[in-house]
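*Asks:* Residue numbers (this note's numbering): 2 to 311.
Next up, the structure:
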């Protein structure tokens with residue numbers, strides 16, 4: 002398997018169906034200031050098989066370098082497992098030849114594409130990669146959302162949703178990006194969680210990745226909770242951020258928000274809602290895990306890999 006470095010224009014020509022919006026040249030170009038260099042690769046064994054975008058910073062080859070995961074995009078479909086092995090071997094050979102100190106690949110949650118990701122994992126581990134961290138990703142399959150949803154979730158989650166109803170909360174899709182972002186910012190600051198995207202980042206990313214914004218208000222119209230969601234594929238959306246203001250806790254707006262988001266995407270025929278990881282370097286945040294369990298989410302592994310070359 003040959004690894005061929007190409008320009009972004011060639012990458013765009015060959016890669017008609019990237020794995021997700023994170024594997025597009027537009028997304029890489031938007032975020033290239035975060036690394037020293039963007040690399041666009043094509044893997045060819047007589048037929049173009051895969052494409053791969055990565056970044057190089059301080060001698061480390063990284064994928065992702067500005068998102069939650071990186072993976073090969075298939076140029077041709079139904080690739081044999083041996084092709085994945087050959088492609089990973091070619092990537093390692095390139096890295097050794099070009100003085101790369103280590104390769105870091107954070108793969109998507111298994112739920113995104115079980116067969117493709119499992120083949121990729123197998124190639125990585127057989128070529129010497131080690132697991133740097135084993136994260137737990139939570140997701141909601143909208144096929145599970147129906148008239149019985151409330152009876153199937155945890156008692157406490159159901160109680161919280163009913164509290165929100167009694168307080169006459171309202172849910173709406175909005176174009177008021179600033180209001181949505183400010184609620185998220187307040188929530189992250191209060192909980193001590195990092196906020197990696199500025200408002201400018203959110204606006205700029207929305208020009209490349211279709212984005213939805215939702216807000217929950219009280220009966221006076223005051224914003225209590227909000228969510229920013231990206232459309233990563235035709236069938237998968239990802240909750241980038243969601244949260245509520247500290248003073249709104251008694252109204253339980255987050256349970257109301259999650260219920261209505263599930264309902265909205267069920268109606269839009271989206272099959273998978275990625276709720277994100279609830280781990281840091283593999284260590285679980287039990288409260289977040291319990292909350293996502295309580296609203297009916299399932300979970301799958303999201304594995305981060307590393308290969309040290311020097």
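Beta carbons: idealized from backbone N, C-alpha and C, even for Gly.
1. Assuming residue 309 and residue 112 make a contact with CB atoms under 8 angstroms, what is their CB distance in whole Å?
2. Less than 8 angstroms between the beta carbons of residue 34 and residue 304, yes or no?
3. Give me the DSSP bridge partner(s) of residue 16.
4. If you follow the beta strand (DSSP E) that residue 138 is in, where does it begin and where does it stop?
5. Considering only residues of the same chain and omitting the five flanking positions on each side of residue 181, which have a CB-CB separation below 7 angstroms?
6. Look at the alpha carbon of residue 108 and the alpha carbon of residue 42, and state the distance between them as a whole number of angstroms.
7. Take the Cβ of residue 17 as the centre, count every other Cβ of all protein chains shown within 10 Å, and call the residue buried at 16 or more, exposed below.
8. Can you tell me whether residue 252 is buried or exposed? The criterion is at least 16 other CB atoms within 10 Å of its CB, across all chains shown.
9. Based on Cα-Cα distance, which residue from 92, 162, 267 and 294 lies nearest to residue 64?
10. Locate the alpha helix (DSSP H) running through residue 288, then write down its first and last residues.
11. Along the chain, which unbroken stretches of the alpha helix (DSSP H) at least 4 residues long are found entirely within the region 14–67?
12. Give the DSSP-derived three-state secondary structure of residue 229 in the structure shown.
13. Whose CA, out of 275, 199 and 38, lies closest to the CA of residue 101?
14. Determine the DSSP secondary structure at residue 266, reduced to helix, strand or coil.
15. Taking the C-alpha atoms as reference points, what is the distance between residue 169 and residue 198?
16. Taking the straight line between their C-alpha atoms, what separation do you get for residue 291 and residue 47?
17. What does the alpha-carbon distance come out to for the pair residue 195 and residue 184?
18. How close, in whole Å, do the beta carbons of residue 36 and residue 58 come, if the pair is a contact with beta carbons under 8 angstroms?
19. Contact check, residue 40 vs residue 10 under 8 angstroms by CB: the rounded distance?
20. Quick check on the burial criterion: 16 or more other C-beta atoms within 10 angstroms. Buried or exposed for residue 211?
21. Three or more C-beta pairs closer than 8 angstroms, one from the region 150–158 and one from the region 292–303: is that the case here?
22. On a Cα-Cα basis, can you pick out the residue from 289, 264 and 254 that is closest to residue 149?
23. Classify residue 1 as helix, strand or coil using the three-state DSSP reduction.
24. Quick one: does residue 89 have its CB under 8 angstroms from some CB of chain D?
25. Would you list, in sequence order, the uninterrupted beta strand (DSSP E) runs of no fewer than 3 residues that lie entirely inside the region 108–132?
26. Provide the residue(s) that pair with residue 307 in DSSP beta bridges, ordered along the chain.
27. Reducing DSSP to helix, strand and coil, say where residue 253 ends up.
28. According to the neighbour-count rule (16 or more other Cβ atoms, all chains shown, within 10 Å of its Cβ), is residue 193 buried or exposed?
29. Taking the alpha carbon of residue 209 as the reference point, which residue from 12, 2 and 30 has its own alpha carbon closest?
30. Could you check whether residue 69 and residue 50 sit closer than 8 angstroms to each other, using their CB atoms as the reference points?
31. Is the distance from the Cβ of residue 114 to the Cβ of residue 275 below 8 angstroms?
*Replies:* With the structure as the only source:
1. Actually they do not touch by this definition, with Cβ atoms about 29 angstroms apart.
2. no
3. Per DSSP, none; premise fails for residue 16.
4. 131–142
5. 175, 214, 216, 227 and 229
6. 17 angstroms
7. With fewer than 16 other Cβ atoms from the protein chains shown falling within 10 Å of its own Cβ, residue 17 counts as exposed.
8. buried
9. 92
10. The continuous alpha helix (DSSP H) containing residue 288 extends over residues 287–295.
11. 26–31
12. strand
13. 38
14. It is helical.
15. 31 angstroms
16. Each residue's Cα considered, the two are about 49 angstroms apart.
17. 14 angstroms
18. 4 angstroms
19. Between residue 40 and residue 10 a beta carbon distance of about 15 angstroms is seen, past the 8 angstroms cut, so the two are scored as non-contacting.
20. Classification for residue 211: exposed.
21. yes
22. When each option's Cα is compared against that of residue 149, the closest is 264.
23. For residue 1 there is no data in the structure shown, the boundaries of the chain being 2 and 311.
24. Among the chains of the structure shown, chain D does not appear; only one protein chain is present.
25. Here no run is fully enclosed.
26. DSSP, once it has assigned bridges, lists 105 and 131 as partnering residue 307.
27. coil
28. exposed
29. 30
30. no
31. Contact check for residue 114 against residue 275 fails: the beta carbons are separated by 8 angstroms or more.
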